[in-house]
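A quick write-up on the structure given underneath.
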Amino acid sequence: MSTTSTPASEPIASEPTASDRVASEPLKRQLSHQVSQSVFDGSRLRVVLLVEVYDGAQQQFLETYENLRSHVESVPGHIGEQLCQSIENPSQWLITSEWESAPPFLNWVSSEEHVRMVKPLHSCVRDTRSLRFHVVRETGRPATGADHARGGLQAEPRVGDGVIRHALTFTVKPGSEEAVGKILADYASPEPRVDDTTRLCRTSLFLHGNRVVRAIEVRGDLLAALRHVAEQPEVRAVEEAINPYLEQDRDLGDPESARVFYTRAALPAVHHVTAGEQRGEAQRHALSYPARPGCGMRLAQLLAEHDEAAARDPHSSVRCSTIFQRDDVVVRL
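Residue 119 in this note's numbering sits at position 119 of the sequence shown, and the numbers go up by one each step.
Following this line, the structure appears as structure tokens:
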């Protein structure tokens with residue numbers, strides 16, 4: 001893997017079905033040293049949202065939150081949540097929610113319904129920061145009886161490489177693929193240094209059919225890196241050049257339009273596995289898996305199981321694999 005930003009315009013190889021047969025039985029927990037990221041282990045999820053409210057907008061924020069909370073309570077997999085106010089700065093609020101596992105939350109947060117329901121928050125909130133954690137240890141709660149329905153604990157800590165993996169995806173109008181491909185091929189590398197604590201390790205651009213995928217690897221703060229990339233003149237020039245070809249209109253100069261676009265474009269990593277020691281050069285490929293309606297998460301899980309099995313094979317040519325999934329869009333990098 002390169003340690004500098006190396007954008008590329010590459011085709012996504014298409015596979016019509018997940019033809020590789022994968023084992024359906026649960027994979028062994030001792031793979032945690034290879035699997036640095038996974039949402040499929042059944043662990044309970046804690047979501048922490050730090051919110052900074054505009055001065056004078058506190059009542060509007062509370063009313064909007066109550067409307068949102070009453071709906072979220074009915075979402076399958078949601079256990080409960082807390083609303084907390086800072087004892088040091090009354091403008092800062094903390095919303096923590098607990099979920100039986102990560103997949104129900106990811107399905108909810110990527111839905112158009114969620115995008116629509118959180119929109120009123122944007123007029124009363126200055127800034128937000130979302131963090132998501134699997135529960136590894138806890139005290140003061142019995143782990144027997146009905147509590148099992150709340151989801152399990154992560155069996156053991158995972159060992160990561162300090163890299164955050166994320167992707168963005170959007171579609172262009174059919175028939176514009178060749179023009180968009182030429183624009184993306186001229187994409188210049190953004191400055192890798194974001195600040196003293198954040199660095200852009202690598203970005204790759206892929207185009208398959210009318211779908212564009214930008215994969216990004218970051219050390220440090222992902223949100224800061226995404227903002228940094230979006231602000232680069234060479235990146236803005238490319239984004240403006242492809243605007244006429246987009247299926248969904250956007251105005252990146254308008255904060256609200258940009259926020260909605262990037263929310264819809266988010267393609268989170270749901271699994272990452274590394275096959276032992278890394279040696280020599282490797283080639284990067286992306287595969288697009290068309291999922292049947294409603295089957296995206298399950299397909300991603302099957303691919304994750306396949307990749308974990310391949311990681312145990314010393315003869316496998318795959319060095320590492322990251323699976324990105326949102327709704328029925330599944331990309332394996």
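Just so it is clear, CB atoms sit at the ideal spot from N, CA and C, and this is done for glycine as well.
It should be emphasised that the depicted structure is a prediction, and the values quoted were computed from it without experimental measurement.
- For Ala282, there is no enclosing beta strand (DSSP E), as DSSP marks it with neither H nor E.
- Per the coordinates, the alpha-carbon of Ala275 lies some 26 Å from the alpha-carbon of Ala291.
- Non-local beta-carbon contacts of Ile183 in its own chain, meaning distances under 8 Å to residues more than five positions away in sequence, involve Val238, Ala241 and Ile242 in chain order.
- Of all C-beta pairs linking the segment 172-180 to the segment 131-140, fewer than three are shorter than 8 Å, placing the two stretches out of contact.
- In the DSSP annotation of this structure, Ser74 is not part of any alpha helix (DSSP H), being labelled neither H nor E.
- Within the DSSP secondary-structure output, Cys84 pairs in a beta bridge with Leu94.
- DSSP places Ala225 within a helical segment (H, G or I) once states are collapsed to three.
- For His114, the uninterrupted alpha helix (DSSP H) segment begins and ends at Glu112 to Val118.
- Nearest C-alpha to Val39 among Gln325, Arg332 and Val329: Gln325.
- Shown here, His306 sits in a helix according to DSSP, grouped into three states.
- Secondary structure note for Ala102: its alpha helix (DSSP H) is the uninterrupted segment Ala102 to Val109.
- Assignment of Gln325 by DSSP, reduced to helix, strand and coil, places it in the strand class.
- By the C-beta criterion, the segment 53-67 is judged to be in contact with the segment 81-100, since at least 3 inter-stretch pairs fall below 8 Å.
- For Thr197, there is no enclosing alpha helix (DSSP H), as DSSP gives it neither H nor E.
- With a 10 Å radius around the Cβ and a threshold of 16 neighbouring Cβ atoms, Glu73 comes out exposed.
- The beta carbon of Ala304 sits closer than 7 Å to those of Ser38, Phe40, His271 and Ile323, all from its chain and outside the five residues before and after it, given in chain order.
- Counting along the chain, Glu240 sits inside the alpha helix (DSSP H) bounded by residues Pro233 to Ile242.
- Per DSSP, reduced to three states, the secondary structure at Thr171 is strand.
- Using a 10 angstroms sphere on the CB of Gln154, the tally of other CB atoms reaches 16 or more, which defines it as buried.
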